[in-house]
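Residue numbers (UniProt numbering): 1 to 161. Inspection log for the structure reproduced underneath, given as structure tokens.
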Amino acid sequence: MNFTRSCLGSPCAVLLTLCLLPASQPLAQELQLPSQEVVARPTQEDDGYQARRASSASKSSVELRDEAQSVLVVTPQTLEDFQVKSLDDAMKFVSGITQSNTLAGTQDGFIKRGFGSNADGSILRDGIRSSLSRNFSATTERVEVLKGPPHCCMAHWSRAA
1 MNFTRSCLGS PCAVLLTLCL LPASQPLAQE LQLPSQEVVA RPTQEDDGYQ
51 ARRASSASKS SVELRDEAQS VLVVTPQTLE DFQVKSLDDA MKFVSGITQS
101 NTLAGTQDGF IKRGFGSNAD GSILRDGIRS SLSRNFSATT ERVEVLKGPP
151 HCCMAHWSRA A
């Protein structure tokens with residue numbers, strides 16, 4: 001078989017491309033997208049000392065009245081008004097949790113209903129098990145405590161709920 005290149009094919013393709021190119025530019029200039037307004041709202045709406053939503057139990061922001069588990073929230077207003085500087089200070093607002101041996105203030109340690117130790121894996125930061133010795137920082141917005149039987153699923157199989 002003999003294949004030959006057409007002499008007319010290449011110039012026609014170039015000519016067609018040149019004819020279509022100026023037609024596409026006015027379309028691009030005339031096309032304008034409508035402006036959109038972006039409104040930012042807090043994901044965790046709190047009313048002073050009373051929290052409305054929690055995210056620790058269901059892994060998504062859910063109203064506390066719709067949550068099946070018991071969740072206690074230490075709100076940003078509480079943290080600010082009482083000048084909370086550590087997780088130990090924040091846990092003073094939660095029933096059933098007491099401070100345990102903090103190894104001279106170098107670690108967070110809590111006893112939950114009589115059980116627990118410093119490294120029991122029960123402290124989570126943004127849903128991820130924390131390996132830090134001190135878990136409260138300047139960027140901490142709120143503290144959520146999951147209470148009851150589901151706690152053992154989140155922690156390292158702690159018997160304390």
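We put the beta carbon where it would ideally sit given N, CA and C, even for glycine.
Please name the residue in the options whose C-alpha comes closest to that of residue i.
| i | options | result |
| --- | --- | --- |
| Val74 | Arg129, Pro34, Arg41 and Asp88 | Asp88 |
| Lys112 | Ala104, Val94 and Glu144 | Val94 |
| residue 169 | Arg41, Gly148 and Thr139 | Residue coverage of the chain in this structure runs from 1 to 161, which leaves residue 169 outside it and unanswerable. |
| residue 192 | Ser133, Asp126 and Met91 | Here the chain covers residues 1 to 161 and nothing more, so residue 192 does not appear. |
Specify, as a first and last residue, the run of the beta strand (DSSP E) that residue i falls within.
| i | result |
| --- | --- |
| Glu144 | Val143 to Lys147 |
Contact defined as beta carbons within less than 8 Å: I believe residue i pairs with residue j. What is the distance between those atoms, to the nearest angstrom?
| i | j | result |
| --- | --- | --- |
| Ser86 | Lys147 | Not confirmed; about 21 Å, so no contact. |
| Arg53 | Val39 | Contact doesn't hold; Cβ gap of about 18 Å is too wide. |
| Ile128 | Phe110 | About 18 Å separates the two Cβ atoms, so there is no contact after all. |
| Gln83 | Asp46 | Not confirmed; about 18 Å, so no contact. |
Using a Cβ cut-off of 8 Å (strictly closer), state whether residue i contacts chain B.
| i | result |
| --- | --- |
| Ala90 | Protein chain content of the structure displayed is limited to a single chain, and chain B is not contained in it. |
Does residue i come out as helix, strand or coil in the three-state DSSP assignment?
| i | result |
| --- | --- |
| Ala160 | In this prediction, Ala160 scores a pLDDT of 47, lower than 50, which makes its location untrustworthy; the coordinate-derived value is nonetheless stated afterwards. Residue state, collapsed to three classes: coil. |
In chain order, each beta strand (DSSP E) run of at least 3 residues that lies wholly inside the segment 63-127: 70-74, 97-99 and 110-112
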